[in-house]
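Position 55 of the sequence shown, counting from 1, maps to 55 under UniProt numbering, and the rest follow consecutively.
Report on the structure given below.
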Amino acid sequence: MISSFRITTLLRTRPILSPNVSSSRFNCNGVLRARPCPCSCRFMSSTSTTNDSDNQVGVGRRANHTSSSSVPRKEDQLVSSTGSISNDDNDTKPPLLPVENGSGSGDGDGDDATINSKLLHRLFEISKPERTLILASAGTLLITSSITLLLPYACGHVLDMAILEATSTTTTSGDTVSGASQFSPFTTALGLFSLTGIAGLGVYARSYMLNIAGNRIISRIRRRLFTSSIAQDSAFFDQMKSGDLISRLTNDAWYIKAAMTTEAVAGLRGVVMSVGSTSLLFYTSPTLAMVSLLSIPPVFLMARIVGRTLKEKQKSVQALHASATDIAEEVFGGIKTVKLFNAEVLECGRYATAITSAHNKEIDVGKAQAAFDGVVHVAANGAVLLVMGYGGTLVLAGELSAGDLTGFLMYSLLMAGNVSSLSGTYAEVMKSIAAAGRVFDIIDRVPQIPSSLHRSRNTTLHDDTINKPSAHERKHKESISITFEGVGFAYPARPDAPVLGPNFTLDIRPGENIALVGSSGSGKSTVALLLARLYNLDHGRILLNGQNIKDIDPAIVREQIGVVAQEPLLFFGTIADNIRYGRPDASDEEVMDAAKAAHVTHFSDALPLGLKTQVGARGAQLSGGQKQRVAIARVMLKDPPICVLDEATSALDARSEYHINQALKTMTKGRTVISIAHRLSTIKEADRIAVLKDGRIVETGTFDQLIQSKGIFHKLVEQQLTNY
Ligand SMILES: Nc1ncnc2c1ncn2[C@@H]1O[C@H](COP(=O)(O)OP(=O)(O)OP(=O)(O)O)[C@@H](O)[C@H]1O
1 MISSFRITTL
11 LRTRPILSPN
21 VSSSRFNCNG
31 VLRARPCPCS
41 CRFMSSTSTT
51 NDSDNQVGVG
61 RRANHTSSSS
71 VPRKEDQLVS
81 STGSISNDDN
91 DTKPPLLPVE
101 NGSGSGDGDG
111 DDATINSKLL
121 HRLFEISKPE
131 RTLILASAGT
141 LLITSSITLL
151 LPYACGHVLD
161 MAILEATSTT
171 TTSGDTVSGA
181 SQFSPFTTAL
191 GLFSLTGIAG
201 LGVYARSYML
211 NIAGNRIISR
221 IRRRLFTSSI
231 AQDSAFFDQM
241 KSGDLISRLT
251 NDAWYIKAAM
261 TTEAVAGLRG
271 VVMSVGSTSL
281 LFYTSPTLAM
291 VSLLSIPPVF
301 LMARIVGRTL
311 KEKQKSVQAL
321 HASATDIAEE
331 VFGGIKTVKL
341 FNAEVLECGR
351 YATAITSAHN
361 KEIDVGKAQA
371 AFDGVVHVAA
381 NGAVLLVMGY
391 GGTLVLAGEL
401 SAGDLTGFLM
411 YSLLMAGNVS
421 SLSGTYAEVM
431 KSIAAAGRVF
441 DIIDRVPQIP
451 SSLHRSRNTT
461 LHDDTINKPS
471 AHERKHKESI
481 SITFEGVGFA
491 YPARPDAPVL
501 GPNFTLDIRP
511 GENIALVGSS
521 GSGKSTVALL
531 LARLYNLDHG
541 RILLNGQNIK
551 DIDPAIVREQ
561 IGVVAQEPLL
571 FFGTIADNIR
581 YGRPDASDEE
591 VMDAAKAAHV
601 THFSDALPLG
611 LKTQVGARGA
621 QLSGGQKQRV
631 AIARVMLKDP
641 PICVLDEATS
651 ALDARSEYHI
661 NQALKTMTKG
671 RTVISIAHRL
681 STIKEADRIA
691 VLKDGRIVET
701 GTFDQLIQSK
711 GIFHKLVEQQ
721 LTNY
């Protein structure tokens with residue numbers, strides 16, 4: 001009677017896996033786990049590293065990290081990524097956007113299992129440098145798991161000793177039984193506590209090492225991803241949403257980090273603890289062990305079904321989050337336009353729709369996960385209760401001691417907890433595989449046009465060596481001739497709407513200043529973009545001094561060309577930083593000279609910090625004309641042999657324009673200049689004017705010749721003069 005009462009009391013002190021309380025929040029000692037998950041999910045600690053105690057018994061402890069807000073952001077360094085580059089315009093074009101098959105394996109073939117194992121293999125590869133740390137942290141499992149596995153045995157033993165003592169006391173009517181009096185449960189507990197202290201140290205070491213490994217891994221992934229993204233050609237960026245790229249850099253990279261650290265060790269711990277506790281179950285009572293293992297088949301079956309669903313659904317979740325991020329980014333970048341059009345409500349609605357669909361999809365994922373948690377919960381608790389019922393009967397029949405049953409129940413709980421934890425790990429790894437597919441899709445994408453990152457390419461594809469920009473070699477540039485020969489081009493995003501061609505031909509002599517005119521949208525800026533090889537041609541050739549640009553390293557081509565764009569983009573930093581963008585190794589004096597020549601000092605001198613004044617994100621703190629002057633100074637500092645001035649002075653007042661034109665005249669002396677212009681003031685300065693219409697040059701000549709010929713140019717000028 002007494003012993004069965006004590007067993008019941010003891011069992012009551014165990015955490016009861018109530019359906020109302022998420023067992024994920026407890027360790028096996030029923031202690032509420034203190035650290036919340038970094039995202040707003042309902043689960044507890046699973047931050048950057050594992051902090052889970054080995055004692056974890058509860059089920060369904062997985063965290064659901066799909067919220068972008070949950071993901072820590074980190075500025076990353078630019079590193080080199082190199083690879084084989086197709087340099088052939090006539091190559092079969094690769095898909096503009098990464099194929100969303102999640103294979104990330106480059107070939108995209110194979111069944112699901114093959115793709116998963118390829119991706120896992122690559123994840124291991126990417127984590128290789130942190131192998132020692134991860135293995136060391138896994139090694140701590142030997143200590144912590146052994147101690148954890150010892151505790152149920154010790155508890156059972158303590159209980160048996162206590163029962164023995166109590167029974168002896170009763171039967172001897174007050175006589176003390178020798179030996180039993182020396183047993184003190186408290187001293188035993190104290191001894192076990194010191195062991196737990198050692199296990200605590202092991203948990204600390206594991207957490208500490210995984211934190212380091214995790215951060216290094218995520219940093220490496222983000223650097224590689226950023227490098228591969230930035231290396232892509234313009235056609236890629238025309239179609240890829242920047243929000244999607246950011247989402248891959250943040251959310252997806254975070255998932256991979258979790259898989260390779262927290263989940264990997266959690267998985268290993270799950271295996272060690274499951275195998276350990278199962279062996280001890282068989283050691284204690286093989287019959288009871290068989291009963292308790294009944295829970296495993298439904299858990300694994302469910303894990304397999306749910307794992308697959310999760311992987312697929314997770315990809316949509318990430319894509320939907322990317323769309324929402326894209327909207328946010330666009331709105332914040334264009335906040336003035338939004339406000340000027342009172343479009344706050346519209347934008348809030350747009351964002352709400354996007355983020356709601358992302359979260360609805362997440363709820364969908366949650367449903368699958370909840371069903372899984374439910375099955376695991378019932379299976380695990382069912383098995384424990386079965387053991388309790390059957391084991392209790394064995395105790396009553398005298399075939400099992402109360403201590404053994406207690407130890408057995410504790411091992412059952414350990415096993416159930418770890419099996420469910422293993423299934424959870426499987427589900428998380430499936431999500432990480434989905435994320436890895438999205439990340440490797442970009443990392444593996446070979447740009448059609450090599451970027452300057454590939455210049456000093458003597459390393460392998462995924463080398464992490466920091467590829468510092470080579471020191472600008474400032475050779476004295478000779479004038480360069482430019483020839484467009486039978487060019488045909490349509491933007492890859494609009495392949496059915498040719499902009500130039502089918503036979504766009506133009507010869508520009510070395511040192512010539514040619515003005516390109518034509519109606520809006522006729523393709524003038526496109527000519528400059530093609531010259532700088534930001535896009536590949538559909539057909540034809542562009543020659544610099546007779547050499548096809550596709551046979552020259554694009555970085556070298558771009559070094560020869562300075563473009564002052566219609567809407568120049570400045571970067572966050574000071575005015576001086578932005579000018580120095582033209583030539584990073586320029587001295588302060590050279591920056592100052594360029595600033596003076598481009599009349600930047602006219603406005604910067606009036607600012608308290610002069611050239612050290614911050615321009616804000618995208619140069620938002622400067623006026624349009626000021627931005628143009630900084631952009632001109634940037635090109636002046638670059639000092640290239642070919643200058644493309646795309647409405648370079650359109651935002652300037654007449655006086656500034658006059659001064660800058662003088663400076664540009666000095667700067668462009670002896671250089672080949674393409675002035676893309678609508679304004680007469682620019683056109684008149686040109687040596688020759690070429691009129692662009694329907695994708696080809698329809699007239700060329702000097703200003704006077706074209707006026708006299710009374711052709712298209714004459715009409716354009718007339719229209720402009722009438723508008724004045
Ligand atoms: N990235 C792009 N993707 C698809 N189409 C584009 C892209 N950039 C420009 N276009 C289209 O190509 C055509 C030529 O554009 P381009 O900017 O070269 O004209 P432009 O003559 O410089 O015009 P403007 O004088 O107005 O600046 C336009 O119809 C434009 O809509």
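Glycine residues also receive a C-beta, built at the ideal position from the N, C-alpha and C atoms.
Remember, it's a predicted structure, so these values are computed and weren't measured experimentally.
Runs of the beta strand (DSSP E) lying entirely within the stretch 506-568, each at least 3 residues long, are 513-517, 539-544 and 561-564 in chain order. With respect to I712, K693 sits close: the two C-beta atoms are nearer than 8 Å. Annotation note: the stretch 568-646 contains the following uninterrupted beta strand (DSSP E) runs of length 3 or greater, listed N- to C-terminal: 642-646. The continuous beta strand (DSSP E) containing F489 extends over residues I482 to A490.
Beta bridge pairing from DSSP links I676 with L516 and D646.
Contact between the stretch 315-325 and the stretch 439-455 is absent: fewer than three C-beta pairs spanning the two stretches fall below 8 Å. DSSP places P129 within a helical segment (H, G or I) once states are collapsed to three.
At least 8 Å separates the beta-carbon of A555 from that of V600. Residue environment: P129 is assigned as exposed (fewer than 16 neighbouring CB atoms within 10 Å of its CB, all protein chains considered). The stretch 668-680 makes contact with the stretch 509-528; the number of CB pairs closer than 8 Å reaches 3 or more. Shortest gap from the CB of V644 to any heavy atom of ligand 1: 7 Å or more. Per the coordinates, the alpha-carbon of E347 lies some 36 Å from the alpha-carbon of A532. If you check the C-beta of S522 against ligand 1, you find a heavy atom less than 7 Å away.
Comparing alpha carbon positions, the residue from H377, D605, V265 and P640 closest to L142 is V265. Ligand 1 approaches Y491 closely enough that one of its heavy atoms is under 7 Å from the residue's Cβ.
With distances taken between CA atoms, A597 lies nearest to H659 out of V644, S117 and H659. If you check the CB distance, T425 and E263 come in under 8 Å. DSSP, reduced to helix, strand and coil, places T700 within a strand of the structure shown. The stretch 332-351 makes no contact with the stretch 246-257, as fewer than three CB pairs between them are under 8 Å. H121 sits exposed, since fewer than 16 C-beta atoms from the chains shown fall within 10 Å of its C-beta.
L422 and G398 have their C-alpha atoms spaced approximately 35 Å apart.
If you look at I689, you'll find it in the beta strand (DSSP E) that goes R688 to K693. A heavy atom of ligand 1 is found nearer than 7 Å to the CB of V499. The alpha-carbon of A370 is positioned some 52 Å away from that of L529.
With a cutoff of 8 Å on beta-carbon distance, V429 and K361 are scored as not near each other. In the DSSP annotation of this structure, I449 is not part of any alpha helix (DSSP H), being labelled neither H nor E. Per DSSP, the continuous alpha helix (DSSP H) segment holding E657 begins and ends at A654 to T668. Distance from the CA of D364 to the CA of L569, rounded to the nearest whole angstrom, comes to 41 Å. Judged by the Cβ position, Q566 qualifies as a neighbour of ligand 1 at the 7 Å threshold, a heavy atom of the ligand being closer than this. Segment contact: the stretch 158-166 against the stretch 274-293, fewer than three CB-CB distances shorter than 8 Å; contact not assigned. Counting C-beta pairs closer than 8 Å gives three or more between the stretch 482-490 and the stretch 538-553, which meets the contact rule. L385 sits in a helix when the DSSP states are folded into three classes. Per DSSP, the unbroken alpha helix (DSSP H) holding K431 starts and ends at A402 to I443. The three-state secondary structure of N215, taken from DSSP, is helix. Exclusion of the five residues before and after F408 leaves L281, T284, S285, L288, V387 and G391 as the residues of its chain whose Cβ lies within less than 7 Å of its Cβ.
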